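As they're listed, the protein sequences go chains A and B. Note that the working numbering numbers the first sequence so that position 161 is 161, with each residue one more than the last. Note that the working numbering numbers the second sequence so that position 99 is 99, with each residue one more than the last. Even for Gly, the Cβ is constructed at its ideal location relative to N, Cα and C. Note that the structure is predicted; figures quoted are calculated from it, not measured. What follows is a short report on a single structure.
Protein chains: 2
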Amino acid sequence: MGTPLPRDPIADAQRNWERHGWGDVAAPMAAITAIMRTQQILLARIETVLKPFGLTFARYELLALLSFARSGALPMNKASALLQVHPTSVTNAVDRLEKAALVARSPHPTDGRTTLIELTAEGRTLAKKATAALNTEVFGKSGFGPDDVDHLIRVLGTFRRDAGDFED
Amino acid sequence: MGTPLPRDPIADAQRNWERHGWGDVAAPMAAITAIMRTQQILLARIETVLKPFGLTFARYELLALLSFARSGALPMNKASALLQVHPTSVTNAVDRLEKAALVARSPHPTDGRTTLIELTAEGRTLAKKATAALNTEVFGKSGFGPDDVDHLIRVLGTFRRDAGDFED
DNA sequence: GCAATATACTAGGACATCCAAGGGTTTGGA
DNA sequence: TCCAAACCCTTGGATGTCCTAGTATATTGC
Numbered sequence: 001m002g003t004p005l006p007r008d009p010i011a012d013a014q015r016n017w018e019r020h021g022w023g024d025v026a027a028p029m030a031a032i033t034a035i036m037r038t039q040q041i042l043l044a045r046i047e048t049v050l051k052p053f054g055l056t057f058a059r060y061e062l063l064a065l066l067s068f069a070r071s072g073a074l075p076m077n078k079a080s081a082l083l084q085v086h087p088t089s090v091t092n093a094v095d096r097l098e099k100a101a102l103v104a105r106s107p108h109p110t111d112g113r114t115t116l117i118e119l120t121a122e123g124r125t126l127a128k129k130a131t132a133a134l135n136t137e138v139f140g141k142s143g144f145g146p147d148d149v150d151h152l153i154r155v156l157g158t159f160r161r162d163a164g165d166f167e168d
Numbered sequence: 001m002g003t004p005l006p007r008d009p010i011a012d013a014q015r016n017w018e019r020h021g022w023g024d025v026a027a028p029m030a031a032i033t034a035i036m037r038t039q040q041i042l043l044a045r046i047e048t049v050l051k052p053f054g055l056t057f058a059r060y061e062l063l064a065l066l067s068f069a070r071s072g073a074l075p076m077n078k079a080s081a082l083l084q085v086h087p088t089s090v091t092n093a094v095d096r097l098e099k100a101a102l103v104a105r106s107p108h109p110t111d112g113r114t115t116l117i118e119l120t121a122e123g124r125t126l127a128k129k130a131t132a133a134l135n136t137e138v139f140g141k142s143g144f145g146p147d148d149v150d151h152l153i154r155v156l157g158t159f160r161r162d163a164g165d166f167e168d
C-alpha cells in the first residue's frame, strides 16, 4: 500500500511456480493474480472518487444502471441479473440508497412478488455528477493505451462469455 | 447469476456511454468494468476449489506465501506488504489460520514489536494440496490462450508498476 | 538519559458479498 | 379448482476489506 516493493511480487510468484515444477500453469497463475490485484487498485481509485458523493461502487453501479433504464425503474431481480451480483447484495444497496433518498421502492403493478426500484430526482442528479467525476478521474486516466484497451475488452469479453455471463 | 443474459451487459454500458457523449472514455470504462467482473468470476472459481480444504483465497494466499519463504516464517508486516493488503486483513487471516492450527504466531527474536507467522506441518501439507488443486482446476483451465496470457501479464504489469506497486 | 517520533500489531466499526432459510405470490399441472 | 412447485425478496450469519484509534516497542534527537 504505502511504499513500492523493490520487485514485482507476482513475477516472483511466477518464478516460484516454475521452480517447483509447475511451469505449465505458472503464466496463467501470474495473469490471474495480476487481474485480482489490478481490480483491487481500480476499485480503490473508484471508491476514492465516489467517497465525496457518499457513494460506494456497488451503490453507484445501481444508480448508473437505473439512470440508463428508459423508465428510470427496474425490478430488483433484473438489477441483480444485469449487475451480476447476488440478490441480497441488491437488497443491501437499495436499503442504503433508499435511506439516502436516492432511490425508492414501489410495488410492481401486476406481479405482487417483485419490487421496483425507482430513481428519485436527487438520485438522478447525483448519478450524473458521480459519472462525470469517474469519467475524468478514473476512466480518462486509466493508463491503458488504446490498443491495450481493445485487447482487454476482447479477451475478457470472450472469457466472460465462456464463463456463462451472456450468450450474445 | 444463474441464467446467461441474452446480451453482454458491459457492451451495453459502453454503448450507453457513447450515446451520452462520453465516447472518449467509453472503451476504458468497458475495459475496467470487464476487469472487475472477470475478477469476480475468477474469485468464485478459486473459492469453490478451496472450500473443501476449509480455506478462502485470502487464507490460501498467506499459506502459499509462507510456504515459499525460505524459513517458513514471515513478519506480519512483510506478509502485508507482499500480499498488498491492509495489515488488519493479515491479522484477520492469521487469527483464523491459527485457530485451524495451520500457522502459529511467535515473537520476533530481536524486535519486540513484530510477530512472526510460521507455517505448521499441517499448514505446509494443506498448502501443497490446495496449490495442486488450484493448478489443475483453475490455472490449468483459465480459458486464456498463451498469447493472451502473455499480453495480460505485460499490460497489467505495466499498470501495477505505474500504480506504485513496485519499482523493478 | 529521556522525550518525541516512528513502527508493529490489535480492537472495533462500516461495507460488501455470498449462502441458507423463511414468508408471501404466481403459475401450472393433476 | 386447488395444491405443489417455482419465483421474488428479505433476514441472519459468515467472511473479507478497509479505516480509525489505541497499546506496546524501537529508534532518534536533544
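Less than 7 Å separates the beta-carbon of V149(B) from that of A31(A). Look at A101(B) here: in three-state DSSP terms it is coil, with no helix or strand label. Per the Cβ contact rule, the region 22-39 of chain A is in contact with the region 2-10 of chain A (3 or more Cβ pairs under 8 Å). Spatial neighbours of S142(B) in its own chain (CB-CB distance under 8 Å, excluding positions within 5 residues in sequence) are listed in chain order as V149. The criterion of a C-beta distance shorter than 7 Å is satisfied by R59(A) and L97(A).
For P6(B), no alpha helix (DSSP H) encloses it, and the DSSP letter there is neither H nor E.
Taking the beta carbon of G157(A) as reference, the chain B residues within 9 Å of it are D8, I10, A11, A30 and A34, listed in sequence order.
Below 8 Å, enough C-beta pairs join the region 58-77 of chain A and the region 108-124 of chain A to call them touching: three or more.
Rounded to the nearest angstrom, the gap between the Cα atoms of F53(B) and L65(B) is 17 Å.
Look at the region 18-98 of chain B and you find these whole runs of alpha helix (DSSP H), each 4 residues long or longer: 23-50, 57-68 and 76-83. Counting every other CB atom within 10 Å of its CB across the protein chains shown gives T131(B) a total of 16 or more, marking it as buried. Going by beta carbons, I35(A) and Q40(B) fall outside the 7 Å limit.
At the C-beta level, A127(B) and L63(B) come within 7 Å of one another.
The closest CA to that of A81(A), considering only L152(B), W17(B) and R37(B), is found on R37(B). At a C-beta separation below 8 Å, P4(A) has these neighbours in chain B: G164, D165, F166 and E167. In the displayed model, T136(B) falls within a helix according to three-state DSSP. Going by DSSP, T120(A) is part of no beta strand (DSSP E) at all; its letter is neither H nor E. Out of L102(A), N77(A) and A93(A), the CA that lies nearest to the CA of D111(A) is found in N77(A). Residue pairing by DSSP places P109(B) opposite no residue, since no beta bridge is assigned to it. As a beta-bridge residue in DSSP terms, F166(A) pairs with L5(B). If you draw a straight line from the Cα of H86(A) to the Cα of R154(A), it is about 26 Å long.
Sorting L156(B), E167(B) and G145(B) by C-alpha distance to the C-alpha of T158(A) places G145(B) at the top. Under a 10 Å Cβ-count criterion, D168(B) is classified as exposed, with fewer than 16 other Cβ atoms of the shown protein chains found around its own Cβ. Chain order gives the chain A residues near I41(B) as F159, R160, A163 and D165, where near means a beta carbon separation below 8 Å. Put simply, the backbone Cα of L50(B) is about 7 Å away from that of F57(B). The beta carbon of L82(A) falls within 7 Å of a beta carbon belonging to chain B, placing the residue at that interface. Within chain B, no residue has its beta carbon less than 7 Å from that of F53(A); the closest one is some 17 Å off. Listed along chain B, the residues sitting closer than 9 Å to D150(A) by beta-carbon distance are A27 and A31.
Residues of chain B with a Cβ closer than 7 Å to the Cβ of T120(A) do not exist; the shortest Cβ-Cβ separation is about 20 Å. Distance from the Cα of A104(A) is smallest, within the candidate group R124(A), T3(A) and Q14(A), for R124(A).
In this structure, the beta-carbon distance from P4(A) to F166(B) falls below 7 Å.
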